[in-house]
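Here's the structure we're looking at; comments come further down.
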Amino acid sequence: MTNYFSSDFKLGILGGGQLGKMLLYNTRKFDIYTCVLEASNDAPSKIACDEFHLGNLMDYDAVYNFGKQVDVLTIEIENVNVDALETLEKEGIKVYPASKTLRTIQNKAKQKLFYIDHNLPTAPFTRFAYLSEIEDAINNGGLAMPFVWKAAQFGYDGNGVKVVRKLDDLKGLPSGECLAEELIPFKNELAVIVARNSSGEIKTFPVVEMEFHPEANQVEYVICPARIDEAVAKKATEVALKVSEAFNHVGLLAVEMFQTENDQILINEVAPRPHNSGHQTIEASYTSQFEQHIRAILNLPLGRTDSKVGGVMVNLVGAEGYTGNVIYENIEAIMKMDGVTPHIYGKKQTRPFRKMGHVTIVDEDLNEARKIAEEVKKKIKVISE
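At the far end of the sequence shown sits residue 385, using the UniProt record's numbering, and the numbering has no gaps.
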């Protein structure tokens with residue numbers, strides 16, 4: 001067994017955002033030496049790692065040269081240079097998630113085809129090389145509206161996704177590779193986080209439900225456990241485990257799913273890293289998703305995943321109409337409330353809908369936690385000077 005703790009072992013993390021920062025809470029707890037690569041000097045992770053390296057995550061040389069200095073390399077964002085990761089793997093650096101997994105997940109069209117190839121349930125879709133082909137398909141009757149347009153690459157936090165109900169909705173969308181996905185009427189958006197280490201030990205976190213902001217298409221609330229029938233929860237967990245098995249991934253895999261009107265489970269998309277749908281685990285679970293990711297990629301025994309208490313997570317995003325130096329208005333008021341914990345990510349500049357932090361609300365009564373979450377959402381405002 002490698003000695004990871006208080007030793008000269010080095011863990012590399014590609015990306016220095018809030019997910020990296022929260023991973024680093026745990027590497028500090030375990031005294032694991034960490035190196036972070038990120039393009040911005042203002043990165044939230046900068047204060048928490050042992051070594052901070054400036055560099056473009058999409059640049060082959062930057063990623064390769066960084067990776068050569070560490071023993072195990074992981075990510076907190078998918079948009080990284082996969083060719084560099086592939087070279088590093090060939091040269092004996094352990095990379096989790098593997099470059100092969102990332103290559104599939106980075107491109108939404110490839111990701112969808114992967115589900116079809118592995119007989120995994122997902123919404124029907126058509127792949128297009130260019131946006132202009134969608135218009136042709138609509139005009140010649142090959143594609144019916146409404147549908148969901150998705151950019152094949154570089155979408156995140158609701159960017160790169162749009163419901164198209166009329167031709168005009170296509171205006172201003174990026175012109176490149178994309179897909180048109182059938183608009184599924186669904187009851188719930190669910191997610192399951194699966195953890196797996198390289199010895200093959202697997203654990204799942206409880207199913208959560210996600211409530212979305214109608215305009216920003218971002219998660220507004222994550223509710224754990226999901227308020228669904230046990231049979232549906234079991235089905236969602238089984239689908240997530242099948243996805244994990246198909247990818248044969250190491251680390252965390254967050255599987256987002258739709259629960260349809262007739263209780264079918266369809267995969268929406270996956271993320272091979274800590275995920276917004278698992279933030280409440282810091283306060284509400286025996287093992288947080290961030291600690292679990294560290295355990296999994298270092299092939300340590302996985303921690304217990306059940307919840308100690310019901311948890312609701314509220315995303316803190318920049319208020320509309322405010323750009324500049326951030327102010328968290330009424331933060332003291334929410335801190336007075338029982339069971340409420342704010343997490344501030346360390347981004348000095350706010351802009352509309354930018355993820356600036358989150359708040360966890362824990363309560364033995366999940367409905368009570370959801371009520372308090374609503375109050376938190378109304379009270380706290382992320383504005384600028």
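All C-beta atoms in this analysis are idealised placements derived from N, C-alpha and C, irrespective of residue type, glycine included.
Cα separation between Ala246 and Thr323? As a first step, residue 246 is located in the sequence shown; it is residue number 246 there, counting from the start. As a first step, residue 323 is located in the sequence shown; it is residue number 323 there, counting from the start. Near 43 Å, if we compare the C-alpha coordinates of Thr323 and Ala246.
Going residue by residue through the segment 130–198, where are the continuous alpha helix (DSSP H) segments of at least 4 residues, counting only ones entirely within it? Within the segment 130–198, the runs of alpha helix (DSSP H) that reach at least 4 residues and sit entirely inside it are, in chain order, 131–139.
Quick check: the Cα distance between Ser175 and Met145, rounded to an integer number of angstroms? Reading the sequence shown from its first residue, position 175 is the one you call residue 175. Reading the sequence shown from its first residue, position 145 is the one you call residue 145. One C-alpha to the other measures close to 19 Å.
Rounded to a whole number of angstroms, what is the C-alpha to C-alpha distance between Gly310 and Phe205? Here residue 310 refers to the residue found at position 310 of the sequence shown. Here residue 205 refers to the residue found at position 205 of the sequence shown. Going by the C-alpha atoms only, they are around 13 Å apart.
Terminal residues of the continuous alpha helix (DSSP H) containing Arg370? For the purposes of this step, residue 370 is taken as residue 370 along the sequence shown, with counting starting at 1. Per DSSP, Arg370 belongs to the alpha helix (DSSP H) from 366–379.
DSSP has Leu85 in a bridge; who is on the other side? Against the sequence shown, residue 85 aligns to sequence position 85. According to DSSP, Leu85 bridges with nothing at all.
Tell me the DSSP secondary structure of Gln111 in three-state form. Within the sequence shown, the letter at position 111 stands for residue 111. In the structure shown, Gln111 sits in a helix (DSSP, three-state: H, G or I).
Contacts around residue 397, its chain only, beta-carbon distance under 8 Å, and the 5 residues preceding and following it disregarded: Nothing about residue 397 can be reported from this structure: the residues present for the chain run from 1 to 385 only.
Hey, out of Arg227, Ala137, Thr2, Val382, whose CA is closest to Lys187's CA? Residue numbering aside, residue 187 sits at position 187 when the sequence shown is read from its first letter. Lys187 has its Cα closest to that of Arg227, out of Arg227, Ala137, Thr2, Val382.
Looking only at its own chain, which residues have a Cβ that is under 7 Å from the Cβ of Val95, when we skip the five neighbours before and after it? In the sequence shown, counting from the first residue as 1, residue 95 sits at position 95. For Val95, where only same-chain residues beyond five positions count, the Cβ hits under 7 Å are Leu73, Leu85, Leu88, Glu89.
Fully enclosed by the segment 288–325, which beta strand (DSSP E) runs are 3 residues long or longer? Taking only runs of at least 3 residues, the beta strand (DSSP E) segments lying wholly in the segment 288–325 are 310–317.
Alpha carbon to alpha carbon, how far is Glu135 from Ser277? Give it in angstroms, no decimals. In the sequence shown, counting from the first residue as 1, residue 277 sits at position 277. In the sequence shown, counting from the first residue as 1, residue 135 sits at position 135. When rounded, the distance between both Cα atoms is 34 Å.
Looking only at its own chain, which residues have a Cβ that is under 7 Å from the Cβ of Leu183, when we skip the five neighbours before and after it? Taking the sequence shown and counting its residues from 1, the one referred to as residue 183 is at position 183. Cβ neighbours of Leu183 beyond the five flanking positions: Pro146, Phe147, Val148, Val163.
Name the two residues that bound the continuous alpha helix (DSSP H) containing Tyr64. As a first step, residue 64 must be located in the sequence shown, where it is residue number 64. That run of the alpha helix (DSSP H) goes 60–67.
Cβ-Cβ distance between Arg304 and Thr281 below 9 Å: In the sequence shown, residue 304 corresponds to position 304, counting from 1. In the sequence shown, residue 281 corresponds to position 281, counting from 1. No; because the gap between Cβ atoms is not below 9 Å, this pair is not in contact.
Does Ser285 pass the burial test, meaning 16 or more other C-beta atoms within 10 Å, or should it be called exposed? Position 285 of the sequence shown, counted from the first residue, corresponds to residue 285. Buried, by the Cβ-count rule.
What span of residues does the alpha helix (DSSP H) with Met22 cover, start to end? As a position in the sequence shown, residue 22 is number 22, starting the count at 1. In the DSSP annotation of this structure, the continuous segment of the alpha helix (DSSP H) that includes Met22 starts and ends at 18–29.
Look at the Cβ atom of residue 390, then the Cβ atom of Asp71, and state whether they are nearer than 9 Å. Residue 390 is absent from the structure shown; the chain starts at 1 and stops at 385.
In three-state DSSP terms, what is Lys336? As a working mapping, residue 336 is identified with position 336 in the sequence shown. Reduced to three states, the DSSP call for Lys336 is coil.
Could you round the C-beta distance between Gly346 and Lys29 to whole angstroms and report it? I think they count as a contact, below 8 Å. Against the sequence shown, residue 346 aligns to sequence position 346. Against the sequence shown, residue 29 aligns to sequence position 29. With a contact defined as Cβ atoms closer than 8 Å, Gly346 and Lys29 miss out at about 18 Å.
Pick from Asn107, Leu170, Asp61, Leu241: whose alpha carbon is nearest that of Ala195? Stepping through the sequence shown from its first residue, residue 195 is reached at position 195. Per the C-alpha coordinates, the member of Asn107, Leu170, Asp61, Leu241 positioned closest to Ala195 is Leu241.
Assess, as a yes-or-no matter, whether the segment 358–371 is touched by the segment 335–346 under the definition of 3 or more beta carbon pairs within less than 8 Å. Flag = yes, the segment 335–346 and the segment 358–371 touch.
Backbone CA spacing between Met335 and Lys108 [nearest angstrom]: Walking along the sequence shown from the start, residue 335 turns up at place 335. Walking along the sequence shown from the start, residue 108 turns up at place 108. Going from the Cα of Met335 to the Cα of Lys108 covers about 39 Å.
Taking just the CA atoms, how far does His53 sit from Gly67? As a working mapping, residue 67 is identified with position 67 in the sequence shown. As a working mapping, residue 53 is identified with position 53 in the sequence shown. In a straight line, the C-alpha of Gly67 is about 11 Å away from that of His53.
Determine whether the beta carbon atoms of Thr27 and Ile202 lie at a separation below 9 Å. For the purposes of this step, residue 27 is identified with residue 27 of the sequence shown, where counting begins at 1. For the purposes of this step, residue 202 is identified with residue 202 of the sequence shown, where counting begins at 1. No, the Cβ-Cβ distance between Thr27 and Ile202 is not below 9 Å.
Between which residues of its own chain and Lys112 is the CB-CB distance below 7 Å, once the five residues before and five after are set aside? By one-based count along the sequence shown, residue 112 stands at place 112. These residues qualify, in order along the chain: Thr122, Phe125, Leu179.
If you draw a straight line from the C-alpha of Asn3 to the C-alpha of Glu177, how long is it? Locating residue 3 in the sequence shown gives position 3, where the first residue counts as 1. Locating residue 177 in the sequence shown gives position 177, where the first residue counts as 1. For Asn3 and Glu177, the distance between alpha carbons rounds to 45 Å.
By Cβ distance, which residues of its chain are closer than 8 Å to Arg273, with the 5 residues on each side in sequence left out? Against the sequence shown, residue 273 aligns to sequence position 273. Beyond the five residues adjoining it in sequence on each side, Arg273 comes within less than 8 Å, by CB distance, of Leu19, Thr74, Ile75, Glu76, Ile77, Glu78, Pro97, Gly251, Leu252, Ala254, His293 in the same chain, given in chain order.
Taking the beta strand (DSSP E) that Ile265 belongs to, which residues open and close that run? Start at 1 with the first residue of the sequence shown, and residue 265 comes out as number 265. In this chain, the beta strand (DSSP E) harbouring Ile265 covers 265–271.
Secondary structure at Arg103, three-state DSSP: helix, strand or coil? Within the sequence shown, numbered from 1, the residue matching residue 103 stands at position 103. Shown here, Arg103 sits in a helix according to DSSP, grouped into three states.
Going by beta carbon distance, what residues of the same chain come within less than 6 Å of Glu211, once the five residues before and after it are set aside? Here residue 211 is taken as the residue at index 211 of the sequence shown, counted from 1. Glu220, Tyr221, listed in sequence order.
Is Phe247 helix, strand or coil by DSSP? The residue given as residue 247 occupies position 247 in the sequence shown. Collapsing the DSSP output to three states places Phe247 in a helix.
Provide the residue(s) that pair with Val208 in DSSP beta bridges, ordered along the chain. As a working mapping, residue 208 is identified with position 208 in the sequence shown. Within the DSSP bridge table, the entry for Val208 names Ala191 as partners.
For Ile265 and Gln289, I'd like the C-alpha separation in whole angstroms. Taking the sequence shown and counting its residues from 1, one reaches residue 265 at position 265. Taking the sequence shown and counting its residues from 1, one reaches residue 289 at position 289. Taking the straight line from one Cα to the other gives about 23 Å.
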